[in-house]
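Residue numbers (the numbering used here): -4 to 882.
Ideal Cβ placement from N, Cα and C applies to all residues, glycine included.
From a predicted model like this one, the values you see are computed outputs, not experimental measurements.
Let me begin by presenting the structure, written as C-alpha cells, before commenting on it.
Here's what the structure looks like:
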C-alpha cells in the first residue's frame, strides 16, 4: 500500500473509531460480532444424527445461551457458558421442525445479540442393516441396506463402502466375504444417510502365520493368540474340496505333505461354544514354490592333503540364483542356469556342503572328497548307536568315531544330508562320541595339521518314534485356564508347574494358574506301544480378570442415552468389547453404544490374545429417566423504600443439578440473575415477578416456578413511647396498636403475648413486632414506668351548710367518667352525681350535706364512687364511709 493509499484510508478509520466510541463499544467488537451459523436441515440416520452450530462473537468476554426446542415448544437442549459454549454439537433423535436459539450476553447487556433459526430433521431411508453381523465360517454374508419396498421406489442411490471410503458395490444388497466394517451410503434428493455394520466372528482370535511363501520341503507354522483347539484344513487352488490336516492348538505345516507346488489356502476353524453350529474361521494364503534342486557327482578324490586334486560336479536341475560351498575351502557361485553343470576342482580331502538358493529357498547337499594316500591323516571307523526312549522323551543317537586304539588329536566334521553340521575338536582321544538326531551323515576326520582322511561312506542313524500331541507353545490366560491336550493317540500325561510341583489332571485337563514355563510329558497309555514319550514346554502368562463397568450419559432432554465402557485407564484396543441383548445377540463392539430401545442389555469385556476371563457380563437396564423435580417459591414483600424482599425456593428431585433465577420482564427477555445461581434463598430490591428454574446435569429444564414480589407501605403502629402503671392499685393501660396479621409482645427478650392487644404487668423495655396482611414486618419499642398517682380524692367527713367543709370529689386528668352514690344506713339514696366531661383535676361532684333543703342528720353514711379511664384502661368502683358532723 502506498503512502497516498494510507492517507486516504485514515479518514474512514477515524470515522469508524468515533462511531464506536460514541456508541460505547470497543473497536474489536466490530470484528467479533456474534452470528448464529448451523445447518437448516439434518438427515436422521439411525438412532441419532449430530448437527454443529456456531455462535461467533468474542469467547473471551461473551456469555452464550443456547436453546433448542421442538415444534411444541418443549426445550430439548440448553447450554450456557463462555468459550466452551461458543460452539455446540447436538444429536437429534427425532424428526420434525426444531428451533435453535442463541442469546449472547456482553458486559451488562443481557440482550446484546439474539437470533434463532429453524432446523428441519428428516427421517432418512429406513435402514434394515443391523449394527452387527456374526460371520460363521467362510459362508458369505448378504447385507441389506433398505427394506426392498423403499429400495425399489427409485428415490435412492445406494453405495457400499469400506473404512477407506472405497466403493465396494452398489445396490440394496452386498455380499460380504471378509470380516470388517461396512458402510451403506444412501442418497436421495432431500437426504443423504450412512448406516454401518460390523461383520465379524463371534470369537476374537488372531492367527499369526510364519510365512505366506514357502519352499517345498519347509515348514510353515500357524499360531493363534488365544488357546482354541481348532480344526486345520488346506485347499489347493483349483480344488473343489478342502483336505483335513489335523485338530491342534497350533499348526506346523510340512509343505512336503501338500500336493506339490502352487497356491493354497490354509483354514483355521473353531466352533463358537456359545453358538453351536457357528464356526469362526480364518483363512491364509500360502504359495509353495519350487525348492532349488541339483545333483552332486564326485569326479575324483584328492591324491593327498598336499595334492588338491579332488573334483566334483554340480548339475542344476532348476535355476540356482546362488551356490555356496563350505568345507575345506569356501566358494561362492552367483548363478547356475537350469541344466548347466559346473565343475569344482582343486579340492583337498574333506566333506563339502553345497547350498543352492532360489529366491528365499535353500537346499543343501554334501559330498566327500577322500584322501587317496592311506598313510596320511587319521584312520578311523564309525559305529552308530540308535536313539532310545527316556522318561520324558528321546535320547539322541550316537555316532562313535573310533581311532582304532590310538590316542590322537584333531577335529571332526559330520554333515547331514539336509546340510546340518556337527563339528568339533578332540585331544589325545581314542574315540569321540557325537549325539545326532536320526538321519544320514557323512564323516570327515582331520589331524592337527588339518589333513583330512575322509570316507565316502554314509551312516544311517535310526531311532524310536515319539508320541505326538498338540498344546499351545505359549498362551496368555485370564486368572486360570484348563488345558486339554489334543492327540489322535491314546496317551497319558504328566504336567509340571513352573514352581516344580506336579499337577494332577482333572477331567482330562490341567489347571494353569501360574506365570512361567509348564512342562507337559505325554507317553503311551498302553505300555505295549513302542513310542517314546514327548515333552513340550508351554510359556504361560497369567493375568487377573479385567476390571470394567459401563458409563451412562444422557444426550438430550428426551432422555436418550449413550453408554460407554469404563476400563479404568486401560487401552480399549487391548480388549474385546461386546454390547449384547440378554440372549447374547451382539449389537455393538465399539467403546460407545447407543441402545436401540429400552430394556435389559449386557456388556462383556474380554482381553485380546488371551483365554476368556471367568466374568459375568455386566447387566444394565435402559430406561427413560423420570422427571421428579419440584419447586415451590415463597417470599416477603418489599416493605417501604430501602427495604429488600427475601424469596425462597424449596426444591426436591434426584435429577436436579442446577438452580437458576430470572427476573421476568414484560418484553419476554428475562434477566438472568447470575449471582444467585444454585442458591435457594435470594434477596431482591425491586418489585416484580421472579422465576426459579431447575435443570439437570446436561442443562435440561426440569421445572420452573414464579413468585411475584410486591411493594407495600405498612400502616403505622398506634403506640406511644412511654406508659405508666400502678401495680399497687392494679392500674394498667390496655395497649391497642392497630390492625395487623400477627403480634408479638416482648419484655426484653422474652415473648409475652401474641394477642392483638396487651396490658403491661411490669415496668421495663418493651418491643412489639407485627406483620401486616402483606407480610411486612415492623417493630416498635416503648417503656413502661411504675407511677402510682392518686386518681380520685374526696373527704371522709363533712359539716352540712359549711362551704369550706363540703364533700367534694377531685379526679385526675386521665379520668374521663365518674359517678357518686351516697346512702343512709337504711340504704336510702340521698345523693347522686354523674360526671363524664373528664380530664379535670378539679371537683367533679360536690354535696353540701343537705337533703331536701334540710341538713342531714349526724351519723355515718355509705359512699360509692365509680370511675373510668380509657387511657389507662381503668374501670373501677370504690366504697367508703362518710361521717356527717353537725355544727
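message = Quick check on the burial criterion: 16 or more other C-beta atoms within 10 angstroms. Buried or exposed for residue 874?
response = Translated into positions along the chain shown, residue 874 becomes position 879. The residue is exposed, with fewer than 16 neighbouring Cβ atoms inside 10 Å.
query = Per DSSP, which one or two residues make a beta bridge with residue 557?
reply = Position 562 of the chain shown, counting from 1, holds the residue named residue 557. Note: residue 557 sits in a beta bridge opposite 548.
ask   = Quick one, which of 341, 431, 46 has its alpha-carbon nearest residue 379's?
value = The residue given as residue 379 occupies position 384 in the chain shown. Of the listed residues, the one whose Cα sits closest to residue 379 is 431.
key: Buried or exposed (CB count within 10 angstroms, at least 16 for buried), residue 730   = Reading the chain shown from its first residue, position 735 is the one you call residue 730. Within a 10 Å sphere around the beta-carbon of residue 730 sit 16 or more other beta-carbons, which makes this residue buried.
query = If residue 197 sits next to residue 269, beta carbons under 8 Å apart, how far is it from one beta carbon to the other, in whole angstroms?
reply = By one-based count along the chain shown, residue 197 stands at place 202. By one-based count along the chain shown, residue 269 stands at place 274. Their Cβ separation, rounded to whole angstroms, is 7 Å, which keeps residue 197 and residue 269 in contact under 8 Å.
ask   = Nearest-angstrom Cα distance between residue 24 and residue 119?
value = Taking the first residue of the chain shown as 1, we reach residue 24 at position 29. Taking the first residue of the chain shown as 1, we reach residue 119 at position 124. Annotation note: pLDDT 49 at residue 24 (below 50); position unreliable, no value reported.
inquiry  = Just list the residues that DSSP pairs residue 741 with in beta bridges.
reply    = Taking the chain shown and counting its residues from 1, the one referred to as residue 741 is at position 746. Per DSSP, 746, 762.
request  = Just tell me which of 629, 174, 191, 293 has its CA closest to the CA of residue 40.
outcome  = Looking up residue 40 in the chain shown gives position 45. Relative to residue 40, the option among 629, 174, 191, 293 whose CA is nearest is 191.
Alpha carbon of residue 291 to alpha carbon of residue 336, nearest angstrom = Numbered from its first residue, the chain shown carries residue 291 at position 296. Numbered from its first residue, the chain shown carries residue 336 at position 341. Straight-line measurement puts the Cα of residue 336 at about 10 Å from the Cα of residue 291.
ask   = Looking at the unbroken beta strand (DSSP E) that takes in residue 219, where does it start and where does it end?
value = Along the chain shown, read from residue 1 onward, the residue named residue 219 stands at position 224. Per DSSP, the continuous beta strand (DSSP E) segment holding residue 219 begins and ends at 214 to 219.
task = Leaving out five residues on either side along the sequence, give the residues of the same chain with a beta carbon under 6 Å from the beta carbon of residue 438.
result = Indexing the chain shown from 1 puts residue 438 at position 443. Cβ-Cβ distances below 6 Å link residue 438 to 377, 409 in the same chain, with the five nearest sequence neighbours on each side left out; the list follows chain order.
query = Do three or more CB pairs link the region 445 to 453 to the region 422 to 431 at distances below 8 Å?
reply = Verdict: no, contact absent.
request  = Inspect the CB distances between the region 84 to 103 and the region 542 to 555 and report whether three or more fall short of 8 Å.
outcome  = Touching, per the Cβ criterion.
message = Taking the alpha-carbon of residue 907 as reference, which of 319, 263, 274 has the nearest alpha-carbon?
response = This structure leaves residue 907 out entirely; the chain is present only between -4 and 882.
ask   = Would DSSP call residue 386 helix, strand or coil?
value = Residue mapping note: residue 386 aligns to position 391 of the chain shown, counting from 1. The answer is coil: DSSP assigns residue 386 none of H, G, I, E or B.
request  = With a 10 Å radius around its C-beta and 16 neighbouring C-beta atoms as the bar for buried, classify residue 322 as buried or exposed.
outcome  = Walking along the chain shown from the start, residue 322 turns up at place 327. Buried: at least 16 other Cβ atoms inside 10 Å.
task = With a threshold of 16 other CB atoms inside 10 Å of the CB of residue 877, please say whether the residue is buried or exposed.
result = Numbered from 1 along the chain shown, position 882 holds the residue referred to as residue 877. When all chains shown are included, residue 877 counts as buried.
task = Report the residue from 255, 201, 858, 680 whose alpha carbon sits nearest the alpha carbon of residue 244.
result = As a first step, residue 244 is located in the chain shown; it is residue number 249 there, counting from the start. When only C-alpha atoms are compared, the closest one is 201.
inquiry  = To the nearest angstrom, how far is the alpha carbon of residue 389 from that of residue 382?
reply    = By one-based count along the chain shown, residue 389 stands at place 394. By one-based count along the chain shown, residue 382 stands at place 387. So the alpha carbons of these two residues sit roughly 7 Å apart.
task = Starting from the C-beta of residue 17, find all residues in its chain whose C-beta is less than 7 Å away, skip the five residues before and the five after it, and write them out in chain order.
result = For the purposes of this step, residue 17 is taken as residue 22 along the chain shown, with counting starting at 1. At residue 17 the pLDDT is 40, less than 50, meaning the model places this residue with poor confidence and gives no usable figure here.
inquiry  = How far does the alpha helix (DSSP H) with residue 144 in it extend, from its first residue to its last?
reply    = Here residue 144 corresponds to residue number 149 of the chain shown, with the count starting at 1. Counting along the chain, the alpha helix (DSSP H) containing residue 144 begins and ends at 143 to 146.
task = Give the single residue among 615, 610, 537, 178 whose Cα lies nearest to the Cα of residue 574.
result = Position 579 of the chain shown, counted from the start, is the residue given in the question as residue 574. Checked all of 615, 610, 537, 178; the closest Cα to residue 574 is 615.
ask   = Taking C-alpha atoms, which residue in 330, 371, 582, 294 lies nearest to residue 342?
value = In the chain shown, counting from the first residue as 1, residue 342 sits at position 347. Taking each of 330, 371, 582, 294 in turn and checking the Cα distance to residue 342, the smallest one comes out for 294.
query = What does a CB cutoff of less than 6 Å around residue 558 pick up in its chain, not counting 5 residues either side in sequence?
reply = Along the chain shown, one-based indexing puts residue 558 at 563. Excluding positions up to five away in sequence, the list reads 545, 547, 588.
message = Just verifying my parser: in three-state terms, what is the DSSP assignment at residue 603?
response = In the chain shown, counting from the first residue as 1, residue 603 sits at position 608. It is coil, neither helix nor strand.
task = Output the distance between the C-alpha atoms of residue 670 and residue 694, rounded to the nearest integer angstrom.
result = Residue numbering aside, residue 670 sits at position 675 when the chain shown is read from its first letter. Residue numbering aside, residue 694 sits at position 699 when the chain shown is read from its first letter. Annotation: residue 670 to residue 694 spans about 18 Å, alpha carbon to alpha carbon.
task = Work out the CA separation of residue 271 and residue 226 for me, nearest whole Å.
result = Position 231 of the chain shown, counted from the start, is the residue given in the question as residue 226. Position 276 of the chain shown, counted from the start, is the residue given in the question as residue 271. Each residue's Cα considered, the two are about 15 Å apart.
inquiry  = How far does the beta strand (DSSP E) with residue 308 in it extend, from its first residue to its last?
reply    = Here residue 308 refers to the residue found at position 313 of the chain shown. Start and end: 305 to 311.
Residue 603 beta carbon less than 8 Å from that of residue 570 = Looking up residue 570 in the chain shown gives position 575. Looking up residue 603 in the chain shown gives position 608. Contact flag set, yes.
query = What span of residues does the beta strand (DSSP E) with residue 736 cover, start to end?
reply = Sequence index remark: in the chain shown, residue 736 carries index 741 (1-based). Per DSSP, residue 736 belongs to no beta strand (DSSP E) and is neither H nor E.
query = Do residue 179 and residue 256 come within 8 Å of each other at the CB atom, strictly closer than that value?
reply = Position 261 of the chain shown, counting from 1, holds the residue named residue 256. Position 184 of the chain shown, counting from 1, holds the residue named residue 179. Against a cut-off of 8 Å, the Cβ pair of residue 179 and residue 256 comes out as no contact.
key: 8 Å Cβ cutoff met for residue 214 and residue 253   = Numbered from 1 along the chain shown, position 219 holds the residue referred to as residue 214. Numbered from 1 along the chain shown, position 258 holds the residue referred to as residue 253. Cβ atoms of residue 214 and residue 253: not closer than 8 Å.
ask   = Could you give the C-beta distance for residue 224 and residue 481, rounded to a whole number, given that I count them as a contact under 8 Å?
value = Taking the first residue of the chain shown as position 1, residue 224 is located at position 229. Taking the first residue of the chain shown as position 1, residue 481 is located at position 486. With 8 Å as the limit, residue 224 and residue 481 qualify as a contact, their Cβ atoms being about 5 Å apart.
ask   = Measuring CA to CA, which of 846, 805, 461 is closest to residue 817?
value = In the chain shown, the residue the question calls residue 817 occupies position 822. The residue among 846, 805, 461 with its C-alpha nearest the C-alpha of residue 817 is 846.
Own chain residues within Cβ distance below 6 Å of residue 288, not counting five before or after = For this step, residue 288 is matched to residue 293 along the chain shown. Taken in chain order, the residues that qualify are 312, 313.
ask   = If you draw a straight line from the C-alpha of residue 826 to the C-alpha of residue 815, how long is it?
value = As a working mapping, residue 826 is identified with position 831 in the chain shown. As a working mapping, residue 815 is identified with position 820 in the chain shown. Our two residues, residue 826 and residue 815, have alpha carbons roughly 8 Å apart in a direct line.
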